[in-house]
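Position in the sequence shown (from 1) plus 44 gives the number in our numbering.
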Amino acid sequence: MKLGKQVARIGLLAGMALTVASAVAFTAPATAATAASTSSSPAPAATSSASTSSTDSPSLLNRQARSDAELREQIALQMEIAPGGKQTSPNEVSYDNGKFVVTYALPGQRALGVADCPSGWFCFYENINFGYPRGKLSDCGTQDLGQYGWANRISSADNSTTNSVEYWEATSFGTLYLFTNFNPGAISYVGNDYNDRADIVHRNC
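Structure below.
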């Protein structure tokens, strides 16, 4: 009786494997078509590229450098995933003449637990509790974080402007509102539902 149950179980598992394989084979063309359709839109493609590149090296980009050599690697990778930046200090890269600045933690620097966004700027952090690296912007209106390699990287935020800042996600169905960082105010964790999803910001001014 036990042998009969084992044979039946093996047959059931084999049938499930064939079903999954058939489903993958059937949906593959549709997935490829969707990817091709998405890539035809310039803005989402740029955001996706930067986001994918950054998540390819999470162990380097989203933690504190252990040495000066590792910090140089972080800066080089930041400039690789978001070309056009200029290194303005050992741990900072600036874009668009200072419009956007990304700061990596110096080796040995205390990098957690402090919301440290300068006055007039709004900031977002790779890790919870304001853990570096940190990105900062000050311009009003809508801005695409993907062009700076910061799509899908935000876990905490700080607002030192006089306006509220909204965070949005770009999807195939349009932009999706996530949360608002009111002024002044700090968010030590954006929450499980919104973590690593924002790729568009809008300062209301």
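Note that beta-carbon positions come from the ideal geometry of N, C-alpha and C, so glycine has one too.
Note that the structure is predicted; figures quoted are calculated from it, not measured.
Straight-line gap, residue i to residue j (C-alpha atoms, nearest Å)
i, j, result
"Thr-96", "Pro-228", "For Thr-96, the pLDDT reaches just 35, beneath the cut-off of 50, and the residue's location in the model is therefore unreliable, leaving the point undetermined."
"Ser-103", "Ala-201", "21 Å"
"Tyr-238", "Arg-116", "30 Å"
"Gly-129", "Gly-157", "28 Å"
"Cys-249", "Ala-126", "27 Å"
"Val-146", "Val-137", "5 Å"
"Cys-184", "Arg-247", "5 Å"
"Glu-114", "Ala-120", "10 Å"
"Arg-178", "Tyr-139", "14 Å"
"Cys-167", "Ser-133", "18 Å"
"Tyr-221", "Asn-135", "32 Å"
"Phe-217", "Ser-232", "29 Å"
"Gln-187", "Asn-141", "15 Å"
"Tyr-169", "Gln-153", "15 Å"
"Thr-215", "Asn-236", "18 Å"
Own chain residues within Cβ distance below 6 Å of residue i, not counting five before or after
i, result
"Ser-163", "Ser-204"
"Ser-111", "Pro-151"
"Ser-208", "Thr-224, Phe-226, Asn-227, Asn-248"
"Glu-210", "Thr-224, His-246"
"Cys-161", "Cys-167, Asp-202, Ser-204"
"Trp-194", "Gly-179"
Which of helix, strand or coil DSSP assigns to residue i
i, result
"Ile-125", "helix"
"Gln-191", "helix"
"Phe-174", "helix"
"Leu-104", "helix"
"Ala-214", "strand"
"Ala-202", "Per the sequence shown, residue 202 should be read as Asp rather than Ala. Asp-202 falls in the strand class under three-state DSSP."
"Phe-144", "strand"
"Gln-118", "helix"
"Pro-73", "Caution applies to Pro-73, whose pLDDT of 37 falls short of 50 and renders its modelled position unreliable; the value that the coordinates give is listed next. Pro-73: helix per DSSP, three-state reduction."
8 Å CB neighbourhood of residue i in its chain, flanking five on each side removed
i, result
"Thr-219", "Trp-212, Glu-213, Ile-244"
"Met-123", "Gly-129, Gln-131, Val-137"
Host beta strand (DSSP E) of residue i (start-end)
i, result
"Arg-247", "244–247"
"Ile-231", "229–231"
"Tyr-139", "136–139"
"Ser-133", "130–133"
Residues of its chain near residue i, where Cβ-Cβ distance is below 7 Å and the 5 sequence neighbours each way are ignored
i, result
"Val-234", "Ile-198, Ser-199, Ser-200, Ala-201, Phe-223"
"Gln-118", "Leu-104, Leu-105, Ala-109, Tyr-148"
"Ala-159", "Phe-174, Asp-202, Ala-230"
"Thr-206", "Asn-227"
"Arg-107", "none"
Rounded Cβ spacing between residue i and residue j (contact assumed at less than 8 Å)
i, j, result
"Leu-181", "Trp-165", "7 Å"
"Tyr-192", "Phe-226", "Not confirmed; about 23 Å, so no contact."
"Arg-241", "Asn-196", "6 Å"
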